[in-house]
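Colleague: Those sequence lines, one after another, are chains U and B.
If you read the first sequence in UniProt numbering, its first letter stands for residue 1, the second for the next number, and so on.
If you read the second sequence in UniProt numbering, its first letter stands for residue 1, the second for the next number, and so on.
One structure, as structure tokens, below. Some questions next.
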Amino acid sequence: MSDPGILAVTKAGTDPVRAQLDGPSGTRPRRLISRRNIFLYGTLILVSLYYLLPLYVMIVTSLKGMPEIRMGNIFAPPVEITFEPWVKAWSEACTGLNCDGLSRGFWNSVRITVPSVILSIAIASVNGYALANWRFKGADIFFTILIFGAFIPYQVMLYPIVILLREMGLYGTLWGLVLVHSVFGMPILTLLFRNYFTSLPEELFKAARVDGAGFWGIYFQIMLPMSLPIFVVAMILQVTGIWNDFLFGVVYTKPEYYPMTVQLNNIVNSVQGVKEYNVNMAATILTGLVPLVIYFVSGRLFVRGIAAGAVKG
Amino acid sequence: MTDANRKSVEIKNLDLNFGAVKVLRNLNLDVYEGEFLVLLGSSGCGKSTLLNCIAGLLEITEGQIWIKGTNVTWAEPSARGIGMVFQSYALYPQMTVEGNMSFGLKNARVPKPQIKERVARAAEVLQIEPLLKRKPSALSGGQRQRVAIGRALVRDVDVFLFDEPLSNLDAKLRADLRVELKQLHHRLKNTMIYVTHDQVEAMTLASRIAIMKDGMIQQLASPEEIYSRPANLYVADFIGSPAMNLVKGTVSGNRFTSGALSIPLDGYDFTRPAKGEAWFGIRPEHILVGDDARTGDAVLDLEAEVVEPLGSDTLILTSLNGGRFWLRTDGQTRIRSGDHITVGLRTADASLFDTGDEARL
Numbered sequence: 001m002s003d004p005g006i007l008a009v010t011k012a013g014t015d016p017v018r019a020q021l022d023g024p025s026g027t028r029p030r031r032l033i034s035r036r037n038i039f040l041y042g043t044l045i046l047v048s049l050y051y052l053l054p055l056y057v058m059i060v061t062s063l064k065g066m067p068e069i070r071m072g073n074i075f076a077p078p079v080e081i082t083f084e085p086w087v088k089a090w091s092e093a094c095t096g097l098n099c100d101g102l103s104r105g106f107w108n109s110v111r112i113t114v115p116s117v118i119l120s121i122a123i124a125s126v127n128g129y130a131l132a133n134w135r136f137k138g139a140d141i142f143f144t145i146l147i148f149g150a151f152i153p154y155q156v157m158l159y160p161i162v163i164l165l166r167e168m169g170l171y172g173t174l175w176g177l178v179l180v181h182s183v184f185g186m187p188i189l190t191l192l193f194r195n196y197f198t199s200l201p202e203e204l205f206k207a208a209r210v211d212g213a214g215f216w217g218i219y220f221q222i223m224l225p226m227s228l229p230i231f232v233v234a235m236i237l238q239v240t241g242i243w244n245d246f247l248f249g250v251v252y253t254k255p256e257y258y259p260m261t262v263q264l265n266n267i268v269n270s271v272q273g274v275k276e277y278n279v280n281m282a283a284t285i286l287t288g289l290v291p292l293v294i295y296f297v298s299g300r301l302f303v304r305g306i307a308a309g310a311v312k313g
Numbered sequence: 001m002t003d004a005n006r007k008s009v010e011i012k013n014l015d016l017n018f019g020a021v022k023v024l025r026n027l028n029l030d031v032y033e034g035e036f037l038v039l040l041g042s043s044g045c046g047k048s049t050l051l052n053c054i055a056g057l058l059e060i061t062e063g064q065i066w067i068k069g070t071n072v073t074w075a076e077p078s079a080r081g082i083g084m085v086f087q088s089y090a091l092y093p094q095m096t097v098e099g100n101m102s103f104g105l106k107n108a109r110v111p112k113p114q115i116k117e118r119v120a121r122a123a124e125v126l127q128i129e130p131l132l133k134r135k136p137s138a139l140s141g142g143q144r145q146r147v148a149i150g151r152a153l154v155r156d157v158d159v160f161l162f163d164e165p166l167s168n169l170d171a172k173l174r175a176d177l178r179v180e181l182k183q184l185h186h187r188l189k190n191t192m193i194y195v196t197h198d199q200v201e202a203m204t205l206a207s208r209i210a211i212m213k214d215g216m217i218q219q220l221a222s223p224e225e226i227y228s229r230p231a232n233l234y235v236a237d238f239i240g241s242p243a244m245n246l247v248k249g250t251v252s253g254n255r256f257t258s259g260a261l262s263i264p265l266d267g268y269d270f271t272r273p274a275k276g277e278a279w280f281g282i283r284p285e286h287i288l289v290g291d292d293a294r295t296g297d298a299v300l301d302l303e304a305e306v307v308e309p310l311g312s313d314t315l316i317l318t319s320l321n322g323g324r325f326w327l328r329t330d331g332q333t334r335i336r337s338g339d340h341i342t343v344g345l346r347t348a349d350a351s352l353f354d355t356g357d358e359a360r361l
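Dropping the structure here:
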């Protein structure tokens with residue numbers, strides 16, 4: 001330490017050696033407008049414009065009155081902003097004999113989605129946990145069959161399920177539709193949960209067994225608290241999937257239980273009277289709002305959960 | 001030690017198959033009360049599998065497991081009277097240290113005041129009292145492993161099982177915790193079964209070592225016995241670093257000969273009468289160098305090819321009959337590579353192995 005040279009090097013700010021350095025040193029300077037940046041940002045902006053333009057048209061149109069729409073300038077912003085079409089879409093638009101707008105469909109969709117999401121996630125997470133941690137005889141065959149189910153087109157099973165629901169006395173009821181949604185969510189959700197639970201360290205499970213926790217004890221006290229990301233992923237998948245479903249909604253329920261999507265279709269495709277584009281646009285945005293909000297609220301967790309569940313398998 | 005009442009863990013004719021793969025084959029092992037038994041072997045030898053079988057985390061195919069005189073072959077892990085410590089610590093990340101340590105007791109419905117008391121006592125033994133309210137993520141590796149040991153400690157069990165508990169720690173911490181584990185064993189006097197692939201851990205901790213290979217125990221003996229009288233070629237080669245020098249040659253007329261090497265076997269303690277081809281083995285640290293060399297039963301002249309000074313001692317690589325031949329001498333040696341050195345071998349330090357079944361002669 002008696003060497004003054006060594007002492008000097010350790011003091012960064014006033015280092016006389018550093019001031020004498022020639023040529024490139026430290027971070028390399030970068031220009032803001034370079035060919036690379038123009039290409040990168042140009043492409044990104046172009047693609048986002050391309051993707052966002054239809055949304056723009058929808059929002060703009062839904063805020064115009066019918067006379068303004070008839071002028072034919074679909075890209076022009078509204079001269080006179082009106083929320084009339086939104087109100088009408090929500091509470092006055094007619095489908096068949098009912099004229100209480102989309103609100104009826106919205107509440108139907110809520111009553112379908114909430115129990116379906118809870119039921120399917122509850123069952124699938126226990127399924128995945130059992131498949132990942134409690135290796136039982138025939139587990140692999142069971143899993144293969146379940147995954148196979150994910151590849152069968154829904155249309156094939158449409159009619160058999162009608163008969164099944166009829167025999168069970170559930171045809172045309174909300175609970176019938178909830179059951180169908182829960183069953184069809186099972187393959188992909190089980191896969192998701194199984195892969196996630198497999199990625200958790202096996203020794204944790206072993207430690208819990210030595211500590212005397214049973215099947216449910218380990219599930220609720222060890223596994224569940226560690227699995228928030230994957231539950232969020234499952235929730236997003238199920239909420240958007242079930243909310244956006246049209247086919248099952250129209251096949252397995254009767255008009256008074258139609259979900260929002262079916263009702264939207266009936267409003268937009270109504271053949272009577274004038275086509276109220278502004279109302280149709282407002283109704284469409286309203287219908288798509290729920291999945292949109294879910295994505296915005298939990299987007300970050302979604303990405304994290306997908307990565308955690310997918311990378312390690 | 002042979003008193004039948006004092007057996008803590010007994011493994012009787014244990015088989016374990018994963019499908020067509022036989023992982024453990026007709027394994028018999030008795031562990032006595034208060035013993036520190038180390039299962040040692042390279043990866044894939046079945047040592048961790050055996051430990052998991054004892055813990056009840058793996059379903060065995062054939063045979064029985066007894067703990068403290070009770071047949072626990074079909075018992076749940078929690079009902080076997082064991083505590084287990086894992087390589088990756090396996091602490092529950094969402095619980096505090098206290099929560100981790102009391103989880104097993106809560107499951108066993110131990111009354112709350114008693115849980116508190118036992119956790120406090122274990123925390124005191126392991127000196128982790130200031131950490132009780134922390135989550136595992138806020139602990140260092142050594143602290144985590146201490147908590148993991150604490151979790152086994154509070155359960156008040158007869159047998160502790162350790163599955164490579166120090167492998168995830170850095171070298172210095174590993175040495176520290178190794179000493180602490182030994183002190184812990186002295187204090188608690190519980191039966192401990194410890195799996196490792198590290199021969200230093202095995203030699204320093206064990207009362208007895210079981211060396212495993214291909215699902216079978218190769219030798220079960222005290223560290224001294226395993227070091228000085230290895231039962232077969234595998235054990236001889238596995239223990240010691242650098243490994244035992246092995247020279248192939250012939251035994252005839254109470255003499256071992258191989259090229260330049262010729263050594264009388266009068267002082268050798270044969271386990272069975274031998275003749276013909278054999279391996280002659282001697283540890284690098286048993287080779288006499290310098291003034292003592294002339295006192296050996298055989299004296300050789302070798303050329304130093306590589307010299308590796310380690311500070312405390314020096315390793316010298318030479319060759320004998322075309323094979324590698326390591327010597328270990330003290331750290332103050334002045335030998336340079338290229339030097340000729342005179343070395344002496346003593347028959348009493350050597351081991352002979354059959355070239356056929358590779359067993360000790």
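Note that CB positions come from ideal geometry on N, CA and C, so glycine has one too.
Below 7 Å on C-beta distance, what does Gln-94/B contact in chain U?
Modeller: Near Gln-94/B (Cβ distances below 7 Å), the residues of chain U are Pro-225, Met-226.
Colleague: How about Val-235/B and Phe-280/B: are their beta carbons less than 7 Å apart?
Modeller: No.
Colleague: Nearest-angstrom Cα distance between Gln-20/U and Gly-26/U?
Modeller: Approximately 14 Å between the Cα atoms of the pair.
Colleague: Could you name the residues of the same chain whose beta carbon sits closer than 7 Å to that of Lys-68/B, not counting the 5 residues immediately before and after it, in chain order?
Modeller: Excluding residues within five positions, the ones whose Cβ falls inside 7 Å are Ser-8, Gly-81, Asp-158.
Colleague: Among Pro-85/U, Met-58/U, Met-226/U, Trp-90/U, whose alpha-carbon lies nearest the alpha-carbon of Phe-75/U?
Modeller: Out of Pro-85/U, Met-58/U, Met-226/U, Trp-90/U, Met-58/U has the C-alpha closest to the C-alpha of Phe-75/U.
Colleague: Does the CB of Asp-3/B have a neighbour CB from chain U at under 7 Å?
Modeller: Summary for Asp-3/B: the model assigns pLDDT 49, below 50, so the residue's position carries little reliability, and this model does not support an answer.
Colleague: Gly-309/U to Phe-231/U, Cα distance in whole Å?
Modeller: No answer about Gly-309/U holds up, because its pLDDT of 47 lies below 50 and its placement is not dependable.
Colleague: Quick one: what does DSSP say Ile-230/U is sitting in, helix, strand or coil?
Modeller: Three-state result, Ile-230/U: helix.
Colleague: Within 10 angstroms of its Cβ, does Gly-249/B collect 16 or more other Cβ (buried), or is it exposed?
Modeller: Result: buried.
Colleague: Just tell me which of Tyr-252/U, Asn-37/U, Thr-284/U has its CA closest to the CA of Met-157/U.
Modeller: Of the listed residues, the one whose Cα sits closest to Met-157/U is Tyr-252/U.
Colleague: Could you list the residues in the segment 202-213 of chain U with a C-beta less than 7 Å from some C-beta on chain B, going in chain order?
Modeller: Under the 7 Å Cβ criterion, the segment 202-213 of chain U contributes Glu-203, Leu-204, Lys-206, Ala-207, Arg-209, Val-210, Asp-211, Gly-212, Ala-213.
Colleague: Using only alpha-carbon positions, find the residue among Ala-350/B, Leu-169/B, Ile-115/B that is nearest to Ser-228/B.
Modeller: The residue with the shortest Cα to Cα distance from Ser-228/B is Ala-350/B.
Colleague: Could you list which residues in chain B have their beta carbon closer than 9 Å to that of Gly-217/U, in chain order?
Modeller: Going along chain B in sequence order, the residues near Gly-217/U (Cβ under 9 Å) are Asn-107.
Colleague: Thinking C-alpha only, which one of Tyr-257/U, Thr-284/U, Val-293/U, Glu-167/U is nearest Asn-98/U?
Modeller: Taking only the C-alpha atoms, the option nearest Asn-98/U is Tyr-257/U.
Colleague: Out of Thr-347/B, Ile-287/B, Ala-231/B, point me to the one whose CA is closest to Leu-361/B's CA.
Modeller: Closest option to Leu-361/B, Cα to Cα, is Ala-231/B.
Colleague: What are the boundary residues of the beta strand (DSSP E) that includes Ile-65/B?
Modeller: Ile-65/B -> beta strand (DSSP E) spans 62-67.
Colleague: Excluding sequence positions up to five away, which residues of its chain have a Cβ less than 7 Å from the Cβ of Val-77/B?
Modeller: Residue 77/B is actually Pro in this sequence, not Val. Once the five neighbours on either side are set aside, the close Cβ partners of Pro-77/B are Ala-55, Gly-56, Leu-57.
Colleague: Under 8 Å, with one C-beta from each stretch per pair, do the segment 143-151 of chain U and the segment 202-218 of chain U reach the 3-pair mark?
Modeller: The segment 143-151 of chain U is not in contact with the segment 202-218 of chain U.
Colleague: Mind listing the chain U neighbours of residue 395/B? Cutoff is C-beta to C-beta under 8 Å, in chain order.
Modeller: Since the displayed chain B opens at 1 and closes at 361, residue 395/B lies outside it and no answer follows.
Colleague: Residues of chain U with CB under 7 Å from Pro-77/B, in chain order?
Modeller: Chain U residues near Pro-77/B: Arg-209, Val-210.
Colleague: Please tell me whether Ile-60/B and Ile-11/B are closer than 7 Å, where the distance is taken between their beta carbons.
Modeller: Result no, Cβ atoms of Ile-60/B and Ile-11/B do not sit closer than 7 Å.
Colleague: Does chain B have any CB closer than 7 Å to the CB of Ala-59/U?
Modeller: In the sequence on display, residue 59/U carries Ile and not Ala. Chain B contact via Cβ: absent.
Colleague: My parser needs the beta strand (DSSP E) runs of 3 or more residues fully inside the segment 183-238 of chain B; what are they?
Modeller: You should have 191-196, 208-213, 216-221.
Colleague: Taking beta-carbon pairs under 9 Å, can you tell me which members of the segment 239-270 of chain B lie near chain U?
Modeller: If the cut-off is 9 Å between Cβ atoms, the segment 239-270 of chain B has nothing near chain U.
Colleague: For Trp-86/U, which option in Gly-299/U, Glu-276/U, Tyr-129/U has the closest C-alpha, if you only look at C-alpha atoms?
Modeller: Taking only the C-alpha atoms, the option nearest Trp-86/U is Glu-276/U.
Colleague: Check the Cβ-Cβ distances between Leu-14/B and every residue of chain U, and say whether any is below 7 Å.
Modeller: Chain U contact via Cβ: absent.
Colleague: Strictly under 7 Å for the Cβ-Cβ distance: is Phe-162/B near chain U by that measure?
Modeller: No, because no Cβ of chain U sits closer than 7 Å to the Cβ of Phe-162/B.
Colleague: Is DSSP giving Ser-125/U helix, strand or coil here?
Modeller: It is helical.
Colleague: Going residue by residue through the segment 241-310 of chain U, where are the continuous alpha helix (DSSP H) segments of at least 4 residues, counting only ones entirely within it?
Modeller: Segments of the alpha helix (DSSP H) lying fully in the segment 241-310 of chain U: 247-252, 260-268.
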